[in-house]
Structures are given as structure tokens and as C-alpha cells.
Amino acid sequence: MKRVCFLAVIVAICSLASAQMALGKATGPDVAKRSVVFVSSTTIEPEDLLHPVVHKGLGPGLVFDRKGHVLVQMSTISDPHSIECSIQSKGYWPAMLIGSDPVTGIGVLQIKAPEKVLASLSPVPQGVNKRPGFGDHIYIIGVNPDGSPSIVPGTVSAPVCPVGLRGRNIEKLIQTDIFVHRGLDGAPAFYKSGRFIGMAMRIGEEPPPNVGYVLPASMVKWIAQSIIENGTVVRAYLGAKVVGVDKVLARLLDLPADKGALVVEVEPGSPASRAGLRGCSRHLRLGNRVYPMGGDLIVAVDRIPIDSDQTLDAVLNQKGPGAQILISFYRDGRLKRVKAVLGKR
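Residue 528 in the numbering used here sits at position 252 of the sequence shown, and the numbers go up by one each step.
Structure below.
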């Protein structure tokens, strides 16, 4: 039978006479909580008229701008039939799901309310933030099972941590010692001062304790803007499977550069194939490990240094589909350059 879904977005906003004065006096968590959105969804399955089955979901979100865009983790939303927003002291307003990113699971909601209501929202600051360092103190604002806010403190355990997710390399996640339970999935992370760091991500069904990941603020902003403009995230496509190269691997394989992205395989008919890039032609076996050899070593794109596969992925996405790029790479010890036009997927 048809399921009826209700999604209520409860935006917790402090009523203050002067925002500027409040920012000066409030603590970091107080400032940060103004940008936090609490998302609740209720799915009613009428298996019979007298005993319907009710499923409830609860999770955090983030106010992105005063146009009513709110970022959520799609695990909070299950087949929404109707979406409703309850803004503190502003009543209930309808909302719609604009789109989502299938890789990170980030979705964007659009609150349908008058400009006066939207103007009362407190978007997360979108300025340039420095990347957290090892041992930096942070906190994540999520939701407890009873619906109350949950402020979880912790520290950064690895400022740069590449993680594979749904077949893609996620560019340089921030690793923390905060366990990301379901109530923290998609929750915003902040410095103690209240500055935005990124969004917490729950990796896997049973993530290890004392380990959590945060998607950097720069990537969150890029994903949100892409969804707002396109309804989804459009990622650039080169069609070359690569592995990152460091000094140890470079010495082992006798490569001409100690950093880069080694092309392992080129997809037929892809932009990489049309540009003439080559994958590995042989392999080196040492003990239980097999290393690819003979492929092109990409060291720059449009003169931007490439020091890993994650960096290559990030640079290509910044360029975007349809962009013509200049790839600098080593082949048989000689530096070469070719042009390629990026596709999309």
C-alpha cells in the first residue's frame, strides 16, 4: 500500500535583538547552534486501518543560506511524500527536496516560506576556513534519540585522511575521535570558537568506536551549490583509474617524480583514452603485494601540482565537466603534455 511520509524540519533559532552584539558575547556552541537544523521524518505504513506501522527518523541538518536551503543527510529522509518545516515562533511552512549527492549522501531541502521568515535563519559562515590540525578541539552538534540537541566534543586525530566511499575517493576527510552514531550522521562540526569545519559522515553500518569522519567545509559548499544549481552533483570524468604515488613507491618503481597519480587503467572511449594516456603494461610482485608499472605518471593539471589521486580528483571537479585541461605527465622518463576535455558522470 502507498506509504505516507511526513518530514518536519525544526529550526532552532535564538531570538536576539542584535545579531552582531550576540556574536560578540555568545560562546562558540551558542553561535553554532543558530545554524543547526533538526530534521524529523515520520513514515506511516497503513498495513491495516486499526494498527498502522509508524517509523520515525531524526537527524541534524545545516542552514546553508537565507534562501531557505538546508543541508541534510539522506539517511534521515525516507521516501518523503510531503515535507513540512516548523520554524521556532514562525509557524509551519512546506519544504521540498531539491536533490542529493549519491556519493556523500548529502541532500538539500528548500523551505517554502516568506522572505521575512527566511531572513530570520542563521546560515553557517561560508568564509575560508583553515584545515584543522592534529589535536585541535572540535565539537559536533547532532540530535539525541529524544529529539534534543546533542553537543559532542572531541579532537582531530588525522587532518588529512582519504576514504573510499561508494566507489569514489573522498578528498581528504578529517578524522576525529568522535564516534558518529546515526544521530550525528550529517551533523555540522565546529571549532570551539563556533567556526564551521564540515559535516560529520557515518561510514558503514558498523563504524569503529572512537573514529569518525568529517567532510571538509569546502567540499560541503561545493556539493550544496552543485545540487542547488543542477539538482544533483555533477562530477568531472577523465576515465583514468589512478593510484597515488609517494616517495617510497616512487623509489620502489624507479619513477622520475616522487609524487603524483600513476595511471593504472584507461577506460576505452573516455577523455583519457582520446587524449592518449596509457595505463600500466606490467606488474611487479614483491611478497604478497603487486605493484603496477609502466603507466603514465600525472604530475600536474593546468600547471597545478598533483601529489596524489585525491588531489587529482579534487582538481578535476574544480575544473568541471566540459573543461579543457592540460595534463603534464611522465612516460618512459620523459615529461609530456596533452590536452583533454573532461566528461561528466
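Cβ coordinates follow ideal geometry from the N, Cα and C atoms, glycine included.
So, with DSSP's three-state summary, where would you put I353? For I353, the three-state secondary structure derived from DSSP is coil.
Taking contact to mean at least 3 C-beta pairs separated by less than 8 Å, is the segment 489-497 in contact with the segment 505-516? No contact exists between the segment 489-497 and the segment 505-516.
Return the chain-ordered list of same chain residues with a C-beta closer than 6 Å to the C-beta of L560, the five sequence neighbours on each side being excluded. Sequence-distant Cβ neighbours of L560 in its own chain, meaning closer than 6 Å and more than five residues away, are Y567 and M569.
For C556, which residues in the same chain have their Cβ closer than 8 Å to its Cβ, ignoring the five residues on either side in sequence? Within the same chain, C556 has close Cβ partners L538, V539, V540, E541, P568, M569, G570 and G571.
So for L531, helix, strand or coil by DSSP? DSSP places L531 in coil when its eight states are reduced to three.
CA-CA distance, L588 and V577? Spanning the two alpha carbons is a distance of roughly 8 Å.
Endpoints, beta strand (DSSP E) assigned at A389: Careful: A389 lies outside any beta strand (DSSP E) and carries neither H nor E.
Can you give me the C-alpha to C-alpha distance between S398 and G470, rounded to a whole angstrom? Looking at the two C-alpha atoms, the distance is approximately 13 Å.
Would you decide whether L611 is buried or exposed? Buried here means 16 or more other CB atoms lie within 10 Å of its CB. With fewer than 16 neighbouring CB atoms inside 10 Å of its own CB, L611 falls in the exposed class.
Cβ-Cβ separation, I499 to D377 (assumed contact under 8 Å), whole Å: Contact flag correct, Cβ pair sits at about 5 Å.
Could you have a look at G381 and say whether DSSP puts it in helix, strand or coil? Assigned with DSSP and collapsed to three states, G381 falls in coil, not helix or strand.
According to DSSP, residues forming a beta bridge with F472: Answer is F466.
Determine the direct distance from the alpha carbon of G459 to that of S604, and round the result to whole angstroms. One C-alpha to the other measures close to 45 Å.
DSSP state of D608 mapped onto helix, strand, coil: Secondary structure of D608 (DSSP, three-state): coil.
Provide the residue span of the alpha helix (DSSP H) that contains P547, from first to last. Looking at the DSSP string, the run of the alpha helix (DSSP H) that includes P547 is P547 to A551.
By Cβ distance, which residues of its chain are closer than 6 Å to V591, with the 5 residues on each side in sequence left out? Correct list, in chain order: V577 and I580.
What does F600 pair with, by DSSP beta-bridge criteria? The residue you asked about is not Phe; residue 600 is Gln in the sequence shown. According to DSSP, Q600 bridges with V617.
In terms of residue numbering, what span does the alpha helix (DSSP H) encompassing A500 cover? Taken as a continuous stretch (DSSP letters only), the alpha helix (DSSP H) holding A500 covers A493 to N506.
Might you give, ordered along the chain, the residues of its own chain that have their beta carbon closer than 7 Å to the beta carbon of K517, omitting 5 neighbours on each side? So the qualifying residues of the chain are V540 and E541.
Cβ distance (whole Å) where Q451 is taken to contact G520 below 8 Å: Contact flag wrong, Cβ pair sits at about 17 Å.
Backbone CA spacing between P547 and L525 [nearest angstrom]: Roughly 27 Å separates the two Cα atoms.
Looking at C-alpha atoms only, which residue of P336, V617, P425 and A616 is the closest neighbour of A463? Out of P336, V617, P425 and A616, P336 has the C-alpha closest to the C-alpha of A463.
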